[in-house]
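J.:
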Amino acid sequence: MSDIFKIAILPGDGIGPEVMKQALKILEKIKKYINKKIFIDNYVVGGIAINKYGNPLPKKTLYGCENSNAILFGSVGGPEWDYLPLNKRPEKGSLLKLRKHFNLFANIRPAFFYKNLSILSPLKEKILNKGFDIICIRELTGGIYFGVPNGRKKKGIDEYAFDTEIYSRLEIERIAHIAFNLALKRKKKICSIDKANVLNTSILWREVVTDISKQYTSVKLEHMYIDNAVMQLMKNPSQFDIILCSNLFGDIISDQCAMITGSVGNLPSASFNHDYFGLYEPSGGSAPNIAGKNIANPIAQILSLAMLIEYSLKERNIAQKIKNAIQKVLDLGYRTKDLFTNSKNEKIVTTDDMGTLIMQSII
Ligand code: IPM
Ligand code: MN
Numbered sequence: 021m022s023d024i025f026k027i028a029i030l031p032g033d034g035i036g037p038e039v040m041k042q043a044l045k046i047l048e049k050i051k052k053y054i055n056k057k058i059f060i061d062n063y064v065v066g067g068i069a070i071n072k073y074g075n076p077l078p079k080k081t082l083y084g085c086e087n088s089n090a091i092l093f094g095s096v097g098g099p100e101w102d103y104l105p106l107n108k109r110p111e112k113g114s115l116l117k118l119r120k121h122f123n124l125f126a127n128i129r130p131a132f133f134y135k136n137l138s139i140l141s142p143l144k145e146k147i148l149n150k151g152f153d154i155i156c157i158r159e160l161t162g163g164i165y166f167g168v169p170n171g172r173k174k175k176g177i178d179e180y181a182f183d184t185e186i187y188s189r190l191e192i193e194r195i196a197h198i199a200f201n202l203a204l205k206r207k208k209k210i211c212s213i214d215k216a217n218v219l220n221t222s223i224l225w226r227e228v229v230t231d232i233s234k235q236y237t238s239v240k241l242e243h244m245y246i247d248n249a250v251m252q253l254m255k256n257p258s259q260f261d262i263i264l265c266s267n268l269f270g271d272i273i274s275d276q277c278a279m280i281t282g283s284v285g286n287l288p289s290a291s292f293n294h295d296y297f298g299l300y301e302p303s304g305g306s307a308p309n310i311a312g313k314n315i316a317n318p319i320a321q322i323l324s325l326a327m328l329i330e331y332s333l334k335e336r337n338i339a340q341k342i343k344n345a346i347q348k349v350l351d352l353g354y355r356t357k358d359l360f361t362n363s364k365n366e367k368i369v370t371t372d373d374m375g376t377l378i379m380q381s382i383i
């Protein structure tokens with residue numbers, strides 16, 4: 021195995037560049053502990069790439085990613101580019117293209133709950149007291165996001181639009197295996213989400229996941245309709261451990277999982293293909309309304325780096341050091357604006373300060 025490890029850095033739009041800067045501070049500090057020699061290269065992506073090169077995913081960026089061992093992604097999109105047709109927008113034109121190009125079908129979104137941020141959660145204390153630690157496994161390269169045909173036809177009162185939800189047995193099997201393997205390392209419990217009382221794709225989804233479960237007899241599998249699942253997640257999140265879902269249901273429910281922890285600014289995500297090549301990105305968006313103000317929360321970006329270190333570099337202890345540092349800084353009461361509630365011991369800090377504090381707390 022080569023001892024060189026290349027990371028393609030794609031900061032993107034909105035708060036992307038400023039939170040990425042904090043993650044790079046952390047990388048700079050910990051890289052000496054890593055067994056491989058780390059090289060990083062910056063590439064433009066998203067709206068800023070449209071402005072510069074007329075293309076949200078320029079060739080140079082794509083080649084750079086192809087020649088790297090992992091991708092650390094910021095965020096893309098903003099109102100500036102919302103006038104463009106869907107395929108040319110930063111979201112579809114860069115992020116979804118990268119997911120498809122590298123076949124990153126397995127998206128892992130942990131939603132864990134920092135006890136000292138519980139005040140930020142919209143859930144009642146008596147629900148939060150039970151705690152929760154959920155991992156959402158989202159199928160990322162299929163379903164209605166990519167199904168053909170899709171488009172718009174006709175004009176005036178006859179105008180219509182259509183998308184296609186399509187799933188093959190193979191697509192469901194491979195994401196199910198990811199979920200079951202992870203379940204073996206956790207509470208051996210999966211809740212698979214569908215809408216099998218209405219959708220054909222969901223009936224197949226339920227059948228295939230049930231078939232695969234027979235290979236993992238120690239894992240308890242439960243099926244739940246998406247409408248019930250969003251309700252249960254509010255009522256009693258502690259009942260969930262791994263939630264397995266299609267691309268669209270996963271998009272929706274992972275935001276809900278994030279929000280009940282108190283802030284979407286804290287949650288990372290990882291997307292893998294068969295060879296475990298990974299793209300790591302915060303779960304939240306580009307937050308254009310607060311971009312450039314040095315107030316954004318860099319924790320999700322830093323935790324995305326920690327996931328890269330854990331899964332792509334296989335340096336679990338170093339990833340843990342980063343997570344401990346974040347916990348310590350939060351314990352000391354430091355908060356970016358989104359986490360600030362004005363309670364005693366809390367000190368409001370900038371994006372830059374938060375990055376530096378976390379970096380300094382790594383031991
Ligand atoms: C996400 C985002 C993306 C998605 C957008 C930006 C295309 O919401 O990663 O959850 O819908 O997958
Ligand atoms: Mn989303």
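For any residue, its number in this note's numbering is found by taking its place in the sequence shown, counting from 1, and adding 20.
For each residue, glycine too, the CB sits at the ideal point set by N, CA and C.
Since this is a predicted model, take the numbers as computed values, not measurements.
Am I right that L204 and S283 are in contact with their C-beta atoms under 8 Å? What's the rounded C-beta distance?
T.: L204 to S283, Cβ: 30 Å. No contact.
J.: Check the C-beta distance from R158 over to S274 and give it rounded, since I have them as a contact under 8 Å.
T.: Beta-carbon to beta-carbon, R158 and S274 are separated by about 6 Å, close enough to satisfy the 8 Å threshold.
J.: Measure the Cβ-Cβ separation of K209 and V228 and say whether it is below 8 Å.
T.: no
J.: For D33, verify whether its CB is less than 7 Å away from any heavy atom of ligand 2.
T.: no
J.: List the whole-angstrom C-beta distance separating S306 from G36, where the pair is believed to meet the contact cut-off of C-beta under 8 Å.
T.: 6 Å
J.: On a Cα-Cα basis, can you pick out the residue from I60, L30, L44 and M40 that is closest to I24?
T.: I60
J.: Ligand 1 and E111: does the residue's C-beta get closer than 7 Å to at least one heavy atom of that ligand?
T.: yes
J.: On the criterion of 16 or more Cβ atoms from any shown chain inside 10 Å, does Y165 qualify as buried, or is it exposed?
T.: buried
J.: Does DSSP put K357 in a helix, a strand or coil?
T.: If DSSP states are grouped into helix, strand and coil, K357 belongs with the helices.
J.: Are K12 and S88 close, meaning C-beta to C-beta below 8 Å?
T.: Beyond the ends of the chain as shown, which are 21 and 383, falls residue 12; an answer cannot be given.
J.: Excluding the 5 residues flanking A311 on each side, which residues of the same chain have their C-beta closer than 7 Å to its C-beta?
T.: Answer for A311: G34 and I35, listed in chain order.
J.: Note down the Cα distance separating L115 from E301, rounded to an integer number of angstroms.
T.: 10 Å
J.: Use the C-beta contact count for Y354: other C-beta atoms within 10 angstroms, 16 or more gives buried, fewer gives exposed.
T.: buried
J.: Within its chain, find whatever has a CB closer than 6 Å to the CB of I29; leave out the 5 residues flanking it on each side and keep chain order.
T.: I60, N62 and L92
J.: Just confirm the distance between the C-beta atoms of I213 and C277, as a whole number of angstroms; I'd bet it's less than 8 Å.
T.: Not confirmed; about 11 Å, so no contact.
J.: Just grab the DSSP bridge partners of G113 for me.
T.: Looking at the DSSP assignment, G113 forms no beta bridge with any residue, so it has no partner.
J.: Could you tell me if the beta carbon of L115 falls within a distance shorter than 7 Å of some heavy atom in ligand 1?
T.: L115: yes, Cβ under 7 Å from ligand 1.
J.: Is the beta carbon of G97 within less than 7 Å of some heavy atom of ligand 1?
T.: yes
J.: In whole angstroms, what is the alpha-carbon distance linking D372 and A316?
T.: 9 Å
J.: Examine ligand 1 and report whether any of its heavy atoms sits within less than 7 Å of the Cβ of D102.
T.: Between ligand 1 and D102, a heavy atom-to-CB distance of less than 7 Å is absent.
J.: Flag D271 as yes when its Cβ comes closer than 7 Å to any non-hydrogen atom of ligand 1, and as no otherwise.
T.: yes
J.: Quick one: what does DSSP say Y331 is sitting in, helix, strand or coil?
T.: helix
J.: Let me know the secondary structure DSSP gives R119 once reduced to three states.
T.: It is helical.
J.: Rounded to the nearest angstrom, how far is the Cβ of P78 from that of V64, given a contact under 8 Å?
T.: 6 Å
J.: For R109, is the beta carbon positioned less than 7 Å from some heavy atom of ligand 4?
T.: This structure lacks ligand 4; its bound ligands are ligand 1 and ligand 2.
J.: Suppose contacts are defined by Cβ-Cβ distances below 8 Å. Is I54 in contact with L333 by that definition?
T.: Less than 8 Å divides the Cβ of I54 from the Cβ of L333.
J.: Kindly provide the ranges of any beta strand (DSSP E) runs that are 3 or more residues long and lie completely inside the region 228-302, ordered along the chain.
T.: 240-245, 262-265, 288-292 and 298-302
J.: With a cut-off of 8 Å on the beta carbons, I'd call L287 and P130 a contact; round off their distance for me.
T.: 7 Å
J.: What number of angstroms, rounded off, separates the C-alpha of K367 from the C-alpha of K357?
T.: One C-alpha to the other measures close to 10 Å.
J.: Using only the alpha-carbon positions, how far apart do E330 and P31 sit?
T.: 20 Å
J.: Mind checking whether A345 and I382 have CB atoms under 8 Å apart?
T.: yes
J.: So, helix, strand or coil for G97, using DSSP?
T.: coil
J.: For the candidate residues G167, E145 and A69, whose alpha-carbon lies nearest to that of P257?
T.: Of the candidates G167, E145 and A69, the one whose C-alpha sits nearest the C-alpha of P257 is E145.
J.: From the DSSP output, in three-state form, read off F200 for me.
T.: helix
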